[in-house]
Amino acid sequence: MKKVITYGTFDLIHYGHLYLLKRARELGDYLIVGLSTDKFNKVKGKTCYMPFEKRKELLEGIKYVDLIIPEDSWEQKIDDIKNYEVSVFVMGDDWKNKFDYLKEYCEVIYLSRTPEISTTKIKEIIGKKF
Numbered sequence: 001m002k003k004v005i006t007y008g009t010f011d012l013i014h015y016g017h018l019y020l021l022k023r024a025r026e027l028g029d030y031l032i033v034g035l036s037t038d039k040f041n042k043v044k045g046k047t048c049y050m051p052f053e054k055r056k057e058l059l060e061g062i063k064y065v066d067l068i069i070p071e072d073s074w075e076q077k078i079d080d081i082k083n084y085e086v087s088v089f090v091m092g093d094d095w096k097n098k099f100d101y102l103k104e105y106c107e108v109i110y111l112s113r114t115p116e117i118s119t120t121k122i123k124e125i126i127g128k129k130f
């Protein structure tokens, strides 16, 4: 079985997230999503609209996702790859080259983002309208 892993906050889930998860899943037989915890998002300087449990619930409803694990730190990726026997690590291309150090453990693929949509853009639009 070829396992794929990706990570993210997945706040205000939109079709760009869906496309990323679909393409990630197509790279293997099983997709693991490392979902950033609320505590870790604070470390990253992110403020989420939805708490971890609600974001997890939404991801569980997406047919491309097989397993969701909490992402608590930047450093856990190597352990996750080893522990879950991951073959492919996937991230959006806005992270290009940032995770190349993982090539020692698995294939690393950066997928193109959906340019016209992002959580940041959604938050900007909502902020202007209210």
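The sequence shown begins at 1 in the working numbering and counts up by one. We put the CB at the ideal spot given by N, CA and C, even for glycine. Nothing here was measured: the structure is a model prediction, and the numbers come from that model.
- Excluding the 5 residues flanking it on each side, E107 has same chain C-beta neighbours closer than 6 Å at V88, in chain order.
- Out of S118, M1 and G127, the CA that lies nearest to the CA of G8 is found in S118.
- Just measuring C-alpha positions, the residue of N97, Y105, Y101 and M91 sitting nearest S112 is M91.
- Inside the region 6-36, DSSP marks whole beta strand (DSSP E) runs of 3 or more residues at positions 30-36, from first to last along the chain.
- With a cut-off of 8 Å on Cβ pairs, the region 41-60 is not in contact with the region 78-85, counting fewer than three such pairs.
- Fully enclosed alpha helix (DSSP H) runs of no fewer than 4 residues occupy 77-83 of the region 60-111, in order along the chain.
- Between Y110 and W95, the CB-CB gap stays under 9 Å.
- DSSP places K44 outside both helix and strand once states are collapsed to three, so it counts as coil.
- The three-state secondary structure of K56, taken from DSSP, is helix.
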